[in-house]
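>
Residue numbers (my numbering): 358 to 485.
1. Does the contact criterion of 3 or more C-beta pairs under 8 Å hold for the region 446–456 versus the region 423–432?
2. Got a sec, what are the start and stop residues for the alpha helix (DSSP H) residue 446 sits in?
3. Which residue wins for smallest C-alpha separation from residue 432, given the options 422, 477, 439, 470?
4. Report back the beta-carbon spacing between residue 397 and residue 373 to the nearest angstrom; my notes put them in contact at under 8 Å.
5. Where does residue 452 fall in DSSP's three states?
6. Go ahead and label residue 484 buried or exposed: buried means 16 or more other beta carbons lie within 10 angstroms of its beta carbon, across all protein chains shown.
7. Less than 9 Å separating the beta-carbons of residue 424 and residue 386?
8. What are the boundary residues of the beta strand (DSSP E) that residue 379 is part of?
9. Within 10 angstroms of its Cβ, does residue 453 collect 16 or more other Cβ (buried), or is it exposed?
Encoded structure:
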C-alpha cells in the first residue's frame with residue numbers, strides 16, 4: 358500500500374507492507390451484545406532516508422485490535438519502532454531542529470455515540 362501526498366511543497370510518500378485485517382462477528386444490523394471484533398497490523402516498508410532511522414532488528418509496525426458496533430468502539434493500538442522522521446515533511450515547517458528517533462507506544466480508544474440523555478464520549482489513553 359502506498360501513500361503519496363502531493364499537497365506539500367516536497368511530496369510525502371510512505372510505503373506500507375504486510376497489511377493484515379481480520380474481522381469476526383460481522384452482522385448487520387449491529388447488535389450491542391455481539392459487537393464486531395477486529396484485529397490487524399501493518400509494517401513500514403523502509404527505504405532511502407527512512408532506512409537510516411529504522412532499526413534493522415525491529416521492523417516498524419502498527420498493530421491494533423478491538424470491538425465495535427454502530428454505537429460503541431473499544432480499541433487498542435501498539436506502535437513499535439516507528440521512525441519519527443516520517444512526519445518531517447508535515448511538521449518540518451513548524452519544528453526546528455529536525456525530528457528524529459522512533460516511536461514506541463500503546464494507545465487505547467473508547468467511543469460512545471450520543472444517546473437520548475447523554476452526549477457523545479471519546480476517551481484516548483496512552484498507557485505507554
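By construction, the Cβ of each residue, glycine as well, lies at the ideal position given by its N, Cα and C atoms.
This is what the structure holds:
1. Judged by Cβ distances under 8 Å, the region 446–456 makes no contact with the region 423–432, as fewer than three pairs qualify.
2. If you number the chain shown from 1, residue 446 lands on position 89. Taken as a continuous stretch (DSSP letters only), the alpha helix (DSSP H) holding residue 446 covers 445–448.
3. By 1-based counting over the chain shown, the position of residue 432 is 75. Per the Cα distances, 422.
4. Here residue 397 is taken as the residue at index 40 of the chain shown, counted from 1. Here residue 373 is taken as the residue at index 16 of the chain shown, counted from 1. Incorrect: roughly 12 Å between the Cβ atoms, too far for contact.
5. Walking along the chain shown from the start, residue 452 turns up at place 95. Coil at residue 452, not helix or strand.
6. Within the chain shown, the letter at position 127 stands for residue 484. Counting Cβ neighbours within 10 Å, residue 484 comes out exposed, since fewer than 16 surround it.
7. Translated into positions along the chain shown, residue 424 becomes position 67. Translated into positions along the chain shown, residue 386 becomes position 29. Not closer than 9 Å, so no.
8. For the purposes of this step, residue 379 is taken as residue 22 along the chain shown, with counting starting at 1. That run of the beta strand (DSSP E) goes 369–381.
9. One-based indexing of the chain shown puts residue 453 at position 96. Residue 453 is exposed by the Cβ-count criterion.
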